[in-house]
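What follows is a short report on a single structure.
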Amino acid sequence: MTLLRDADLAAAFDRAARSYDTLVAANPGYHAHLRRSARRLGLPHGGSGTRVLDLGCGTGASTAALAAVLPGAEITAVDASAGMLERAAAKPWPDRVTFVHAPAERLTEAGVEGPFDAVFAAYLFRNAAAPDSVLTAVHDVLAPQGRLAVHDYTLSGRARDRTVWTVVCGGIVLPVATALGDGRLYRHLWRSVVEFDTADEFAGRVRAAGFDCVRVLPLPGWQTGITHTVVGRRAGTDTATGR
Ligand SMILES: C[S@@+](CC[C@H](N)C(=O)[O-])C[C@H]1O[C@@H](n2cnc3c(N)ncnc32)[C@H](O)[C@@H]1O
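So this is what it looks like as structure tokens:
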């Protein structure tokens, strides 16, 4: 199958938005893992006084994880799908959370300006037609030494993990999603993971985009070897501290 990209992908998410929260609630560990990845940003003091960008916020699951882990941060949550964003914005949020409808590739045009102290991207990069360009855009909106955490299904490279992924998608996710009328999006999910980087390959991409302290961190449960957090820090000197 051809992977969904850009407007086609946004339209598929628009349609799937109504059942997205129900499906992820049935995925053991989904919300707890997002909070764990948010903590891995390593922002001190609950993110007090910081600006954090949630790229590909969807219906707000990742935004909620950031808001819980970083009660002092101002959060800008961006998504290309109007349908997903509408669901997110309809939930109750503190004033420090703002939603913006924009593709990650056109942040500046949408008025999303850096510098941010951290960028969080959950289940985003393998959906992008040009992931390196998105990484460059992320690098450019981060302050020097700003943090990045990418949380996604990125396989370990071991045959066993790839098989588990295919069995979970084929045996559970696809039958349910197809019954809900969203088979195309969830076939895209399965293939996009199989065809995208392994976690280590993605870490290499992050280093090549100008990040240092890049590490691949595991997540537990059935997602072991399947879901990872890749963290990094924008290289460069912080002009405020000179460090
Ligand atoms: C699988 S959902 C994840 C949502 C949320 N981060 C979470 O953890 O539940 C992926 C989201 O990324 C958005 N997305 C995909 N490609 C995008 C892009 N290029 N720019 C902005 N958003 C994008 C989709 O519209 C979708 O809402």
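For the sequence shown, position 51 matches number 51 in full-length UniProt numbering, and the numbering has no gaps at all. Every residue, glycine too, gets a C-beta built ideally from N, C-alpha and C. Everything numeric in this text was worked out from a predicted model, so none of it was measured.
Rounded distance between the beta-carbons of residue j and residue i, thought under 8 Å
{"i": "Ala199", "j": "Val176", "result": "Actually they are not in contact, since the Cβ atoms of Ala199 and Val176 sit about 26 Å apart, beyond 8 Å."}
{"i": "Leu137", "j": "Leu185", "result": "The displayed chain sequence assigns Ala, not Leu, to residue 137. Contact doesn't hold; Cβ gap of about 24 Å is too wide."}
{"i": "Leu155", "j": "His33", "result": "Between His33 and Leu155 the Cβ distance is about 16 Å, and since that is not below 8 Å, they are no contact."}
{"i": "Ala149", "j": "Leu41", "result": "5 Å"}
{"i": "Val97", "j": "Ala67", "result": "6 Å"}
{"i": "Asn127", "j": "Leu23", "result": "About 16 Å separates the two Cβ atoms, so there is no contact after all."}
{"i": "Ser37", "j": "Thr229", "result": "4 Å"}
{"i": "Val141", "j": "Gly114", "result": "3 Å"}
{"i": "Asp6", "j": "Ala129", "result": "6 Å"}
{"i": "Phe196", "j": "His139", "result": "Going by Cβ atoms, the distance from Phe196 to His139 rounds to 19 Å, so no, they are not a contact pair."}
Simplified DSSP state of residue i, which is helix, strand or coil
{"i": "Leu53", "result": "strand"}
{"i": "Gly181", "result": "coil"}
{"i": "Asp95", "result": "coil"}
{"i": "Arg215", "result": "strand"}
{"i": "Ile75", "result": "strand"}
{"i": "Pro144", "result": "strand"}
{"i": "Ala121", "result": "strand"}
{"i": "Ala209", "result": "coil"}
{"i": "Phe196", "result": "coil"}
{"i": "Val230", "result": "strand"}
{"i": "Ala10", "result": "helix"}
{"i": "Val112", "result": "coil"}
{"i": "Ala32", "result": "helix"}
{"i": "Ala149", "result": "strand"}
Spatial neighbours of residue i in its chain, beta-carbon cut-off 8 Å, leaving aside the 5 residues before and after
{"i": "Leu43", "result": "Thr50, Val52, Leu70, Ala73, Asp117, Ala118 and Arg147"}
{"i": "Thr227", "result": "His33, His151, Asp152, Tyr153, Thr154 and Leu219"}
{"i": "Trp190", "result": "Trp165, Thr166, Cys169, Gly170, Val173 and Leu174"}
{"i": "Arg162", "result": "Leu155 and Val194"}
{"i": "Leu124", "result": "Leu55, Gly56, Ala104, Val134, Val150 and Asp152"}
Neighbourhood of residue i by C-beta distance below 7 Å, restricted to the same chain and skipping five residues each side
{"i": "Ala82", "result": "Asp14 and His101"}
{"i": "Asn27", "result": "none"}
{"i": "Leu135", "result": "Arg205, Val206 and Ala209"}
{"i": "Arg35", "result": "Ala65, Ala68 and Val69"}
{"i": "Ala158", "result": "The question names Ala, but residue 158 is Arg in the sequence shown. Result list for Arg158: Gly225, in chain order."}
{"i": "Gly46", "result": "Leu70, Pro71 and Gly72"}
{"i": "Leu180", "result": "Ser19"}
{"i": "Gly221", "result": "Pro28 and Gly29"}
Sequence-distant residues of its chain with Cβ nearer than 6 Å to residue i (five each side left out)
{"i": "Asp182", "result": "Ala16"}
{"i": "Arg4", "result": "Rather than Arg, the amino acid found at residue 4 in this sequence is Leu. Hits under 6 Å: Ala12 and His188."}
{"i": "Val231", "result": "Arg40, Ala149 and Arg215"}
{"i": "Gly60", "result": "Ala88 and Lys91"}
{"i": "Ala77", "result": "Asp54, Cys57, Thr63 and Phe99"}
{"i": "Met84", "result": "Phe13, Ala17, Gly58 and Thr59"}
{"i": "Pro131", "result": "Phe125"}
{"i": "Arg160", "result": "none"}
{"i": "residue 244", "result": "This structure does not reach residue 244, given that the chain is present from 1 up to 243, and the question cannot be answered."}
Min CB distance residue i to chain C below 8 Å
{"i": "Trp93", "result": "The chain inventory of the structure shown lacks chain C, comprising one protein chain alone."}
Residue i CB to nearest heavy atom of ligand 2 below 7 Å
{"i": "Phe13", "result": "With respect to small molecules bound, the structure shown includes ligand 1 and not ligand 2."}
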